[in-house]
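Have a look at the structure below before the remarks.
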Amino acid sequence: MRERPIEELLRPALDEAAVARLHRRLRAARERRPARKLVTGSLVLATMIAAAITVALWDGEPPRENAPGALASRATTLEAGTSLRVRALALDDGSRIELGQSARMEVLANDGERFVTALRAGRGRFDVRPGGPRRWSIETDLASVEVVGTAFTVDRTPSGLRVEVERGVVLVRGERVPGRVQRLTAGGRLEIAEPVATRPAPAPIEAAPAPMPEPPRTQARPAPPSLAETLARADGERSAGRPEVAARILADALARRPSDPSASLVAFSLGRLELELGQPDNAAAHFGAMITRRSPR
Amino acid sequence: MATLARPLSRLPPRPSRPTPLEVDTEDAELVRRAREGDTWALDMLYRRHVQLVAATALRLLRNRAEAEDVAQETFLLAFERLAQLDEPAAFRGWLVRIAVSRAHRRFRWRKLRSWVGLGEGEDATLALEAADHVTAEQRAELRLVDRALASLPFELRTAWVLRHVLGHRLEEVAAACDCSLATIKRRIAAAEAHVAAHVEGGRDA
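Chains as they are written, first to last, in the working numbering: chain A, 1 to 297; chain B, 298 to 502.
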């Protein structure tokens, strides 16, 4: 019997969006393909020689120093805690960040393994060089966006958050993200609306190993905590490897506020946790409870 | 092929279907119409074969952006040179041969760029491209294969990938690589030995 090819274990090389995009590119290329290939070839060769000479003679200022293995830029330092004030930033690994006029962004962590920024407001476009060793993460108060190598835009407006992917794949995580996590591919887009109901000011973004430059928030938190805060706390416990604690927190909260608008989301999260804990019967009960309330926001 | 034989052998037998590069009479008709200036026929040829061309480029180069460029170049060249195709029914095989040649060219260019510090990364290795239904064991084995392929010369990698990843017959691999059957058998055997050694070594480690 002939072996089955490995291709059958792999995802299709192109999704439908890529097939359509490639078709458009092909048509455009066929329309503008000039007969003067020789002229074009000569121009390309001349440009390459000029570029090679420029690179060979380049004696520019070296990139600013950062931690070992960290990303660097000629324009600014990228140490953890730095607020980015430039509009366009070319990084030494070939990646680029472009910030809108009103954008406010800080570097939370920058080392050989990760590059974490917080987009407080405004629009940021990120062109991450594929195949790099670092995990990129853009934190906002509504969701986190994680990428490996791709180009995408994150826009934090007063009305919500919009993530658009031009190339590659990004993961968007957050309690307001449908299903808590969404995988966006090229051409994909996700919008998360700012909650309409009054709620406490968003908590400062965690995951910052370095001290944040902002002064600590002093607002008094309403007691008892809202379900949204409870969800965040449970998520923290789960991320820290304590799913049973997370489940207990959610179950308590659900018992305290069964008619809260976020109760269905809590039930859904609890169901997923129970599945992780190997309790399918409990999970089914929570999913059932979620359905009788309404689908998670 | 010893590598991956165990996990793959657990899968049910493949139903009989035409191998990827077999001649196709519908292609012959589409090529004939395309030569007469029918752009719809060109679009049909693109739609029928774009996945094969893209998969060939992607599995060889393991870089998505480069693979899309190669796929575009392949169709562009093929459509421009349609008149030179002797056997319209063999359009698929001809297309794959162009794709392999363009990928090889791109690979050489990538090596040149890496020498001057502008190297492209690989963002579409077999393990990264594994489908959702793939087991953890198969995924681990794909990672080992990825590592083995990374250290293979392009000619050997091409032969192995066309044979074992894309599932072409030996004659088809030889045609796609533009070399004799004996040469392609030697290349595949050498690549198989290399991959098997890496995978076995990785399992033992």
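Every residue gets a Cβ at the ideal spot worked out from N, C-alpha and C, and that includes glycine.
| Check | Outcome |
| --- | --- |
| Which residue's Cα is closest to the Cα of VAL397 of chain B: B:CYS476, B:ALA493, B:HIS491 and B:LEU382? | B:CYS476 |
| So what does ARG162 of chain A bridge to, in DSSP terms? | A:ASP155 and A:GLU191 |
| Got a sec: which bits of the region 256-269 of chain A sit with their beta carbon under 9 Å from any beta carbon on chain B, in order along the chain? | none |
| How is SER411 of chain B classed by DSSP in three states: helix, strand or coil? | helix |
| Give the DSSP bridge partners of TRP136 of chain A, in chain order. | A:PHE115 and A:VAL147 |
| ILE138 of chain A and LEU161 of chain A look like a contact to me (Cβ under 8 Å); what is the Cβ gap, rounded to whole Å? | The pair is not a contact, with the Cβ atoms about 10 Å apart (cut-off 8 Å). |
| Give me, in chain order, the residues of the same chain whose beta-carbon lies closer than 6 Å to that of ALA70 of chain A; leave out the 5 immediate sequence neighbours on both sides. | ASN110 and ASP111 |
| Chain C partners of GLY464 of chain B, CB-CB under 7 Å? | Protein chains in the displayed structure are A and B, and chain C is not among them. |
| For the region 366-382 of chain B, enumerate the residues whose C-beta is nearer than 8 Å to any C-beta of chain A, in chain order. | ALA368, GLN369, PHE372, LEU373, PHE376 and GLU377 |
| Is any heavy atom in the ligand COA found nearer than 7 Å to the beta carbon of ALA473 of chain B? | Absence of the ligand COA from the depicted structure is noted, as is the absence of any ligand whatsoever, leaving it without description. |
| Between SER159 of chain A and the rest of its own chain, which residues show a CB-CB distance below 7 Å, the 5 nearest in sequence each way excluded? | ALA193 and GLU194 |
| Would LEU318 of chain B count as contacting chain A if we go by Cβ distances under 8 Å? | In this predicted model, LEU318 of chain B has a pLDDT of only 49, less than 50, meaning its place in the structure is not dependable enough to derive any value. |
| Let me confirm a value: TRP337 of chain B is counted as buried when at least 16 other C-beta atoms fall within 10 Å, else exposed. Which label applies? | exposed |
| By how many angstroms is the C-alpha of HIS286 of chain A removed from the C-alpha of LEU231 of chain A? | 15 Å |
| Bridge partners for MET105 of chain A per DSSP, in chain order? | A:LEU84 and A:LEU119 |
| Using the rule of at least 16 other Cβ atoms within 10 Å of the residue's Cβ for burial, across every protein chain shown, is ARG199 of chain A buried or exposed? | Model confidence at ARG199 of chain A stands at a pLDDT of 47, short of 50, so the residue's coordinates are unreliable; what they give is reported in the following sentence. The residue in question, ARG199 of chain A, is exposed, as its Cβ has fewer than 16 Cβ neighbours within 10 Å. |
| Starting from VAL145 of chain A, find everything on chain B with Cβ-Cβ shorter than 7 Å and list it in chain order. | The contacting residues do not exist; VAL145 of chain A stays about 17 Å from chain B at best. |
| Would you tell me roughly how many angstroms separate the C-alpha atoms of THR218 of chain A and PRO225 of chain A, rounded to the nearest one? | Legend: pLDDT at THR218 of chain A = 40, less than 50; position of this residue unreliable, value from coordinates given subsequently. THR218 of chain A and PRO225 of chain A: Cα-Cα distance of roughly 16 Å. |
| Does the beta carbon of LEU89 of chain A come closer than 8 Å to any beta carbon on chain B? | no |
| What residues are listed by DSSP as bridge partners for ILE395 of chain B? | DSSP, once it has assigned bridges, lists no residue as partnering ILE395 of chain B. |
| Between ARG329 of chain B and the rest of its own chain, which residues show a CB-CB distance below 7 Å, the 5 nearest in sequence each way excluded? | PRO385 |
| Closer than 8 Å, CB to CB, is HIS401 of chain B near chain A or not? | no |
| Counting C-beta neighbours from all protein chains within 10 Å, is the total for GLN369 of chain B 16 or more, i.e. buried, or is it exposed? | buried |
| Helix, strand or coil for ALA338 of chain B per DSSP? | helix |
| Just the chain B side, please: which residues come within less than 7 Å of PRO12 of chain A by C-beta, in chain order? | GLN348 |
| Could you tell me whether the Cβ of HIS286 of chain A comes closer than 8 Å to any Cβ of chain B? | no |
| Between the beta-carbon of ARG135 of chain A and the beta-carbon of GLU106 of chain A, is there less than 8 Å? | no |
| Is the shortest distance between the beta-carbon of ARG173 of chain A and the beta-carbons of chain B less than 8 Å? | no |
| Name the DSSP bridge partner or partners of ARG96 of chain A? | A:ALA90 and A:ASP127 |
| List the DSSP bridge partners of ALA284 of chain A. | None, per the DSSP bridge assignment. |
| Listing by chain order, which chain B residues have their CB less than 8 Å from the CB of VAL165 of chain A? | Chain B residues near VAL165 of chain A: none, gap ~13 Å exceeds 8 Å. |
| Answer yes if the region 486-498 of chain B comes into contact with the region 438-458 of chain B, meaning at least three C-beta pairs across the two stretches below 8 Å, and no otherwise. | yes |
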